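Enquirer: This is the structure I have questions about; it appears just below.
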Amino acid sequence: MNVLDAILTRRNVKQFKPDPVPRDKVQEWLHAASFAPNHRMTQPWEILWIGPETRAQIPHKNNFGGAPTLLAVLSTPAHTSVDRDEHYAAVSCFLQNFMLAAHAEGVGTGWSSAGLSEKVRHILGVQPGYEVVGIIPVGYPEAEPAPKERAPIVTKIKDLP
């Protein structure tokens, strides 16, 4: 699958088959994701591989669609608000790379903001200064979600003098 096809066909998956995704494949996609742009090569991402005991404690309306793998991706602490924003943006790019790499091989992902709650931060053992950018279910999709309508890109472009 070429990059444009991956970008245009990737969707947030809500329901997964129980079949496990090989850990080495997930790690391969995480490695590829680490080539995301990041200011001053800070590489501000940390990944928590969430096991069954921890997962059982995380409140989520559909248990992350039954995905066999669940990751939390954190942004490391920063010294200034600008650095915090730079870190968060870099981790978001990291996540997009990861999701596209998985999708290109037929594996679905989602992006949950469940890690924003203090309760979930506590369950995950997230230290002060770290941001939980996303909790990412990973697995083979039960079904491919339909694309959602997008605004024409020309409505988002402003020409400056």
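Under UniProt numbering, the sequence shown is numbered contiguously, ending at residue 161. Backbone N, C-alpha and C define an ideal beta-carbon position, used for all residues, glycine too. Since the structure is predicted, the reported quantities are computational estimates derived from the model, not experimental observations.
1. V73: buried (16+ other C-beta within 10 angstroms of its C-beta) or exposed?
2. Please state whether DSSP places residue 173 in a helix, a strand or coil.
3. For the alpha helix (DSSP H) holding P52, just list the boundary residues, first then last.
4. Does the stretch 133-150 come close enough to the stretch 77-86 to have 3 or more Cβ pairs within less than 8 Å?
5. Under a CB-based cut-off of 8 Å, is L30 close to chain C?
6. Hey, out of N63, M1, R11 and R23, whose CA is closest to E149's CA?
7. Label L160 either buried or exposed according to how many other C-beta atoms from any shown protein chain fall within 10 Å of its C-beta, with 16 as the threshold for buried.
Expert: According to the data block:
1. As a working mapping, residue 73 is identified with position 73 in the sequence shown. It counts as buried.
2. Nothing in the structure corresponds to residue 173, since the chain is present only between 1 and 161.
3. As a working mapping, residue 52 is identified with position 52 in the sequence shown. Following the DSSP letters along the chain, one finds P52 inside the alpha helix (DSSP H) bounded by residues P52 to Q57.
4. Taking a cut-off of 8 Å on C-beta distances, the stretch 133-150 does not touch the stretch 77-86, as fewer than three cross pairs fall below it.
5. Given the protein chain composition of this structure (a single chain), no chain C is represented.
6. Walking along the sequence shown from the start, residue 149 turns up at place 149. With distances taken between Cα atoms, E149 lies closest to R11.
7. Walking along the sequence shown from the start, residue 160 turns up at place 160. By the neighbour-count definition (other C-beta atoms within 10 Å, threshold 16), L160 is an exposed residue.
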